[in-house]
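These notes are about the structure you will find just below.
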Amino acid sequence: MSTFAGIELGKRSLMAHSQQINTAGHNISNAETEGYSRQRVHIRAYDPLYRPDLNRAETPGQIGQGSSIESIARVRDSLLDARITSQSHLEGYWSKRESYYQMLESIYNEPVDVSIRSTMDAFWEAWQELSLYPESKAARQAVVTRSESFIDSVKQRHDGLVGVGTLLNGDIEATVEQVNSYSRDIAALNKEIVRSRAMGDNPNDLLDRRDLLVDKLSSIINITTDERDPDEFMVHLDGKVLVQGNIARNFSVEAIKDGTGYTKVIWADTKEDAFFNGGSLGGLIELRDVDVREELQSLNTFVMNFADLVNDIHRNAVGANNTTGLDFFVEQPFVTNALGNYDRDSDGVDDSSYIFRMTGGNTLNPQDKVGFDGTIRLASRTGLVEISYYATDTVETIIDKINDSESEVKAYLDRNSHLVLKATTAANPENPDFVIRHVEDSSYFLSQYAGLLEESGEEGAYRFDQANAVNALVENKARYAVAPVLNPSAYFTVNEAIKKDLLSVASAFPTSSGLAEVGDGSAALAIASLRNGMIMIGENKSFDDYFSETVTKIGLKGEEAEIALMSQNAIMSDLRSLRDSISGVNIDEELADIIKFQHGYNAAAKFISVMDDMINTVINGLRA
6 MSTFAGIELG KRSLMAHSQQ INTAGHNISN AETEGYSRQR VHIRAYDPLY
56 RPDLNRAETP GQIGQGSSIE SIARVRDSLL DARITSQSHL EGYWSKRESY
106 YQMLESIYNE PVDVSIRSTM DAFWEAWQEL SLYPESKAAR QAVVTRSESF
156 IDSVKQRHDG LVGVGTLLNG DIEATVEQVN SYSRDIAALN KEIVRSRAMG
206 DNPNDLLDRR DLLVDKLSSI INITTDERDP DEFMVHLDGK VLVQGNIARN
256 FSVEAIKDGT GYTKVIWADT KEDAFFNGGS LGGLIELRDV DVREELQSLN
306 TFVMNFADLV NDIHRNAVGA NNTTGLDFFV EQPFVTNALG NYDRDSDGVD
356 DSSYIFRMTG GNTLNPQDKV GFDGTIRLAS RTGLVEISYY ATDTVETIID
406 KINDSESEVK AYLDRNSHLV LKATTAANPE NPDFVIRHVE DSSYFLSQYA
456 GLLEESGEEG AYRFDQANAV NALVENKARY AVAPVLNPSA YFTVNEAIKK
506 DLLSVASAFP TSSGLAEVGD GSAALAIASL RNGMIMIGEN KSFDDYFSET
556 VTKIGLKGEE AEIALMSQNA IMSDLRSLRD SISGVNIDEE LADIIKFQHG
606 YNAAAKFISV MDDMINTVIN GLRA
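Put into structure tokens, the structure is as follows:
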């Protein structure tokens with residue numbers, strides 16, 4: 006090897022050690038940079054010289070030419086990265102559930118003196134007091150005043166739940182924008198990475214930035230990545246492409262036409278509904294559309310049954326002024342049309358009937374056998390549910406079959422022993438709450454026997470998806486009530502006629518003459534007795550039991566979210582610690598490497614100095 010070749014060999018060594026020192030310095034500078042992966046310089050032996058035309062008997066083998074820099078690569082475990090991506094969405098999901106359930110628990114943890122439970126207890130006690138002193142105007146005033154306190158506590162809870170729902174909706178819209186931003190940034194980085202690789206570079210810092218964005222995106226939505234094609238890094242959401250190379254798809258929000266003011270997430274290009282299984286966005290949507298909705302439905306169900314059963318007694322009772330037929334509570338109807346007709350598709354033509362309750366005109370004995378077979382068809386979440394009854398079944402048995410079915414209609418006998426069908430909340434968000442959607446009987450139980458439907462069979466069915474559906478009920482005999490507004494718990498009040506005349510508060514059942522008997526408090530006692538009766542429609546519970554279970558459920562769900570989040574945090578902490586041990590920067594290790602590379606650099610410099618002296622010796626010797 007010539008002396009000039011030796012200088013070139015030393016130069017390569019200087020460059021290699023210099024780059025190693027620079028890379029170590031780069032690592033130290035980014036030790037605290039989020040998402041940064043430590044880098045290592047890969048050195049290889051430079052291609053050796055081989056001259057077959059020369060006889061090199063004294064120097065066998067190829068002539069080495071030192072080292073060269075092969076690449077500067079990130080220290081990264083792709084399998085570990087994939088596992089972190091697959092787990093991150095669970096952490097994001099439970100994080101949102103835990104934080105929002107803290108809000109929900111604070112709504113239910115009301116001060117004792119103004120809670121629904123305490124005001125409801127005071128309501129029952131007021132009616133109990135009126136039953137003992139039916140002639141007392143003060144007792145009637147107490148009934149009205151405590152009723153209004155109870156209503157206020159219910160409305161406070163309603164407002165709290167609606168507030169959480171509104172907050173969730175805003176959070177959803179903000180999170181969608183965040184997803185779109187991450188997707189666009191990933192696509193832009195893909196473009197830069199491909200361009201950099203085409204120029205022969207290793208875009209390590211760009212790859213780190215992209216991986217960081219993928220990590221953040223994976224905590225929001227349940228994504229997977231595909232890097233089989235290095236020129237088209239892809240991000241998928243439930244099998245659908247979100248990012249492909251430098252192209253990013255976006256989401257947008259669209260108003261839901263259900264009166265809530267909420268928005269739904271759709272794909273911006275296809276306008277199809279977007280679905281998210283996990284992640285913080287999936288958690289937010291589930292909280293809003295399932296959890297908060299269920300809590301509002303639970304509160305509305307509680308209020309509707311509470312008001313309806315109190316009213317059932319009150320309008321059949323008589324006040325001290327001998328007035329009767331008054332509902333104690335008044336709900337705001339969903340429509341002003343007396344027939345419940347409603348223009349659901351907003352085309353200017355009524356196309357639906359919103360009826361909450363229908364009552365047959367015939368008096369029934371719960372123990373009587375009906376004497377014929379038939380099948381009742383009622384609306385459910387998945388369509389129509391069929392309820393078969395037989396000649397040996399009693400009225401009570403058929404009512405139990407209806408209530409035990411999966412239908413969204415419940416049945417009972419009112420104080421006059423008339424059959425009542427009452428709508429519940431809808432399981433499907435696309436269906437309205439407290440609206441009876443279908444009632445049909447192949448035989449005679451609901452028609453001739455109960456006096457509810459005019460005809461049997463399909464032709465006599467009640468269908469809500471048409472105007473004037475009440476024409477299917479027995480004319481001038483069956484009664485019905487128009488469905489309430491979306492959230493009846495926000496709008497029920499004490500009847501203004503009662504507040505204006507306290508003597509209208511009914512405490513007695515009328516005598517044969519239609520008047521109240523002096524000292525009769527039987528109606529007030531009947532209302533007070535609702536407190537402990539198993540009268541929650543479709544639920545074998547008292548009002549107290551129903552309310553207690555609702556509060557307990559909130560606490561248990563909050564506890565579940567807290568435990569699940571702690572567990573997921575522990576899993577993610579272990580995974581991130583493992584990644585940090587592989588890809589993270591250890592400053593002490595980097596400093597040790599710098600010292601090592603410095604020694605190598607100094608040695609290479611000394612080698613060049615020696616070769617330079619040799620050349621000088623030869624040149625000066627030739628001059629001599």
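Going letter by letter, the sequence shown gives residues 6 to 629 in my numbering.
Even for Gly, the Cβ is constructed at its ideal location relative to N, Cα and C.
- MET204 carries a coil assignment under DSSP once its states are collapsed to helix, strand and coil.
- A straight line joining the alpha-carbon of ILE261 with that of ARG81 spans about 44 angstroms.
- Between ILE532 and HIS319, the gap from beta carbon to beta carbon is short of 8 angstroms.
- Beta-bridge analysis with DSSP links PHE439 to no other residue.
- Judged by their CB atoms, PHE339 and VAL167 are not nearer to each other than the 8 angstroms cut-off.
- The Cβ neighbour count for LYS505, taken over all protein chains shown within 10 Å, is under 16; the residue is labelled exposed.
- For GLY345, the number of other beta carbons within 10 angstroms of its own is at least 16, and it is reported as buried.
- Residue pairing for THR368: DSSP places it in a beta bridge opposite HIS423.
- Straight-line spacing of the CA atoms in ASN408 and ALA416 works out to 6 angstroms.
- A distance below 6 angstroms between beta-carbons, with the five flanking residues on each side excluded, links VAL590 to the following residues of its chain, in chain order: ASN32, ALA36 and ARG43.
- Distance between LEU194 and GLY287, taken at the CA atoms: about 26 angstroms.
- Under the DSSP assignment, TYR485 falls in the beta strand (DSSP E) whose first and last residues are 484-487.
- Distance check between ILE290 and each of LEU596, GLY330, TRP99 and ASN436 places TRP99 closest, using alpha-carbon atoms only.
- LEU314 counts as buried, since no fewer than 16 other beta carbons sit within 10 angstroms of its beta carbon.
- Inclusion of THR498 and VAL335 in the CB contact set at 8 angstroms is warranted, their separation being smaller than that value.
- Contact annotation: THR306 and THR124 have beta-carbon atoms that are not nearer than 8 angstroms.
- DSSP links ARG151 through a beta bridge to no other residue.
- Remark: C-beta atoms of VAL119 and ALA131 do not approach each other more closely than 8 angstroms.
- Between THR38 and the set ASN326, GLN107 and ARG214, the nearest pair of CA atoms involves ARG214.
- A distance below 8 angstroms separates the beta carbons of LEU173 and ARG293.
- THR329 is bridged by DSSP to VAL323.
- Excluding residues up to 5 positions away in sequence, ASN35 and ASP213 lie with their Cβ nearer than 6 angstroms to the Cβ of TYR41 in the same chain.
- Across the set ASP356, ILE559 and VAL510, the C-alpha of ILE559 shows the shortest separation from the C-alpha of GLU299.
- Looking from the CA of ILE77, the closest CA among VAL46, ARG88 and ARG102 belongs to VAL46.
- In this structure, DSSP gives GLN70 a state outside helix and strand, which the three-state scheme calls coil.
- Taken in chain order, the complete beta strand (DSSP E) segments of 3 or more residues contained in the region 228-265 are 228-231, 239-242, 245-249 and 256-260.
- Sequence-distant Cβ neighbours of MET309 in its own chain, meaning closer than 6 angstroms and more than five residues away, are PRO493.
- Judged by DSSP secondary structure, GLU501 falls within the alpha helix (DSSP H) whose first and last residues are 501-505.
- Taking TYR267 as reference, the option from PHE333, ARG349 and THR171 with the minimal CA-CA separation is THR171.
- Around the Cβ of ASP231, a 10 Å sphere holds fewer than 16 other Cβ atoms; the residue is exposed.
- Apart from the 5 residues on each side of it in sequence, SER186 has no Cβ closer than 7 angstroms to any other Cβ in its chain.
- Here the region 367-385 lies against the region 442-452, with 3 or more beta-carbon pairs under 8 angstroms apart.
- C-alpha of GLY524 to C-alpha of TYR467: approximately 44 angstroms in a straight line.
- Within the same chain, Cβ atoms closer than 6 angstroms to the Cβ of GLY71 are found at LEU14, ARG17, SER18 and TYR51, the five residues on either side in sequence being excluded.
- Across the structure, TRP129 and VAL354 are spaced so that their CA atoms are roughly 45 angstroms apart.
- Taking every protein chain shown into account, the CB of ARG162 has 16 or more other CB atoms within 10 angstroms, so this residue is buried.
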